[in-house]
Amino acid sequence: MNLHARPGDGPAQPLRSDAERNRARIVAAARTVFRRDGLNASMASVAREAGVGIATMFRRFPTKEELVAAVFADRMDAYADAVGTALDDPDPWHGLAGFIETVCAMQAADYGFADVLTMTFPTAKALEERRNQAYEGVVQLIGRAKAAGRLREDFTPEDLVLVHMANAGVVNATGDAAPDAWKRVVALMLQSFQAPARGPLPDSPEPRALYKAMLRASRASCAPPEPERKG
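Quick note: the sequence shown uses UniProt numbering, first residue 1, plus one each step.
1. Can you say whether residue 55 is buried or exposed, counting buried as having 16 or more other CB atoms within 10 angstroms of its CB?
2. Give the C-beta separation of residue 31 and residue 60 to the nearest angstrom, bearing in mind that I take them to be a contact with Cβ-Cβ under 8 angstroms.
3. My output table needs one value for residue 151: the three-state DSSP class, helix, strand or coil.
4. Measure the alpha-carbon distance for residue 15 versus residue 46 and round it to whole angstroms.
5. Could you compute how far the alpha carbon of residue 20 sits from the alpha carbon of residue 52?
6. Please work out which residues of its chain come closer than 7 angstroms, Cβ to Cβ, to residue 250, disregarding the five sequence neighbours upstream and downstream, and give them in chain order.
7. What's the gap between the Cα of residue 212 and the Cα of residue 177?
8. Any chance the stretch 84-95 sits against the stretch 140-149, with 3 or more Cβ pairs inside 8 angstroms?
9. Who are residue 194's beta bridge partners in DSSP?
10. Does the beta-carbon of residue 132 have 16 or more other beta-carbons within 10 angstroms, so that it is buried, or is it exposed?
11. Secondary structure at residue 41, three-state DSSP: helix, strand or coil?
12. Quick check on DSSP: helix, strand or coil for residue 76?
13. In this structure, does DSSP put residue 204 in helix, strand or coil?
14. Cβ of residue 129 within 7 angstroms of any heavy atom in the ligand GTP?
15. Could you tell me the alpha carbon to alpha carbon distance between residue 214 and residue 158, rounded to whole angstroms?
16. Does DSSP classify residue 52 as helix, strand or coil?
17. Are the beta-carbon atoms belonging to residue 68 and residue 121 less than 8 angstroms from one another?
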């Protein structure tokens, strides 16, 4: 999807340059705001950070989902690259554990990305396609670790989504007060994932149920603000 303004003819060219500069400022500002405040940050706060009016903001990005897609495309690429690195590891368990630690560290460094991994954005096609490509690699990671006898047999890909959700919660709750707390939680989870299992687990949530939860979270974060009531 081309998020850039369409080129104009003749006199319209300077407007395009201004539009491109504004777009770059908005994306840079959104990276800062989302990293600091997560995806619940308002479009107005991004506009203030960028030094543009709210009307300019919505001309460049009519919806928050479009802005999220522009801001986090590179982070989703890094997520997919982490899957590839893990698959290249000759030790299946080390590859899977290293992937989980890497992605959880990415969440801890960027509150916005912590949120992105726990949500889904149906209209952000490129972002979701990249996520789906990475998911195929994640399934392979899990299968390799099980085949090596290192990962408990009842671990599912849905459990990894729960890991991202849990880590996002810890990161958002501890913040600057205990910035490394997530590392202990992830270490505890990784130890519980290893085979042999100490006992059976409750049923894993159905993929459809998790998708519904992720969609609900994204809609809550990306919903347009309610108009102010005039008394």
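Using N, Cα and C, we set each Cβ at its ideal position, and we do this for glycine too.
In short:
1. Its Cβ having fewer than 16 others within 10 Å, residue 55 is exposed.
2. Not a contact, Cβ separation roughly 15 angstroms.
3. Note: residue 151 maps to strand in three-state DSSP.
4. Low local confidence applies: a pLDDT of 46 at residue 15 is under 50, so the model's placement there is unreliable, with the coordinate-based value given in what follows. Cα to Cα, residue 15 sits roughly 22 angstroms from residue 46.
5. Cα to Cα, the separation comes out at about 13 angstroms.
6. The question about residue 250 has no answer here: the residues shown for the chain are numbered 1 through 231.
7. Here the C-alpha atom of residue 212 lies approximately 32 angstroms from the C-alpha atom of residue 177.
8. Flag = yes, the stretch 84-95 and the stretch 140-149 touch.
9. DSSP lists 151 as partners of residue 194.
10. Exposed is the call here.
11. It is coil, neither helix nor strand.
12. For residue 76, the three-state secondary structure derived from DSSP is helix.
13. Here residue 204 sits in coil by DSSP.
14. Questions concerning the ligand GTP fall outside what the structure shown contains, since it holds no ligand whatsoever.
15. When rounded, the separation of the alpha-carbon atoms in residue 214 and residue 158 is 12 angstroms.
16. In the structure shown, residue 52 sits in coil (DSSP, three-state: anything other than H, G, I, E or B).
17. Yes, the Cβ-Cβ distance between residue 68 and residue 121 is below 8 angstroms.
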